[in-house]
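A.B. asks:
Residue numbers (the UniProt record's numbering): 1 to 84.
1) Express the C-alpha separation of residue 66 and residue 73 in angstroms, rounding to a whole number.
2) My understanding is that residue 79 touches residue 69, with C-beta atoms under 8 Å, so please give their C-beta distance in whole angstroms.
3) Classify residue 14 as helix, strand or coil using the three-state DSSP reduction.
4) Take every Cβ of the stretch 45-64, pair it with every Cβ of the stretch 19-35, and state whether three or more of those distances are shorter than 8 Å.
5) Residue 34: buried (16+ other C-beta within 10 angstroms of its C-beta) or exposed?
6) Which first and last residues belong to the alpha helix (DSSP H) in which residue 52 is found?
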């Protein structure tokens with residue numbers, strides 16, 4: 001157990017802890033979230049847009065309703081999906 005002025009327990013994900021504190025979360029809640037199992041591994045399992053085919057990007061753009069998709073390049077489709 002740490003001694004001295006800073007008696008905060010060890011934080012597994014210090015960057016996430018600080019971000020949560022900046023957002024106004026309490027020390028306890030920030031620590032709980034930053035120390036939770038897999039906190040650093042959360043997220044979807046979808047491929048990066050650059051690794052997908054143009055047809056796959058087109059289908060996704062159609063699903064979310066991006067207009068003008070038929071004239072877009074693969075890079076433009078990826079950009080449109082990221083900023084939708």
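Backbone N, C-alpha and C define an ideal beta-carbon position, used for all residues, glycine too.
C.D. replies: Taking the structure as given:
1) Numbered from 1 along the chain shown, position 73 holds the residue referred to as residue 73. Numbered from 1 along the chain shown, position 66 holds the residue referred to as residue 66. Here the alpha carbons of residue 66 and residue 73 stand approximately 13 Å from one another.
2) Position 79 of the chain shown holds residue 79. Position 69 of the chain shown holds residue 69. About 12 Å separates the CB atoms of residue 79 and residue 69; that is not less than 8 Å, and the two are not in contact.
3) Within the chain shown, numbered from 1, the residue matching residue 14 stands at position 14. Helix, per DSSP.
4) Segment contact: the stretch 45-64 against the stretch 19-35, fewer than three CB-CB distances shorter than 8 Å; contact not assigned.
5) The residue labelled residue 34 in the question sits at position 34 within the chain shown. Classification of residue 34: buried, given that the 10 Å Cβ count is 16 or more.
6) Within the chain shown, numbered from 1, the residue matching residue 52 stands at position 52. No alpha helix (DSSP H) contains residue 52, which DSSP labels as neither H nor E.
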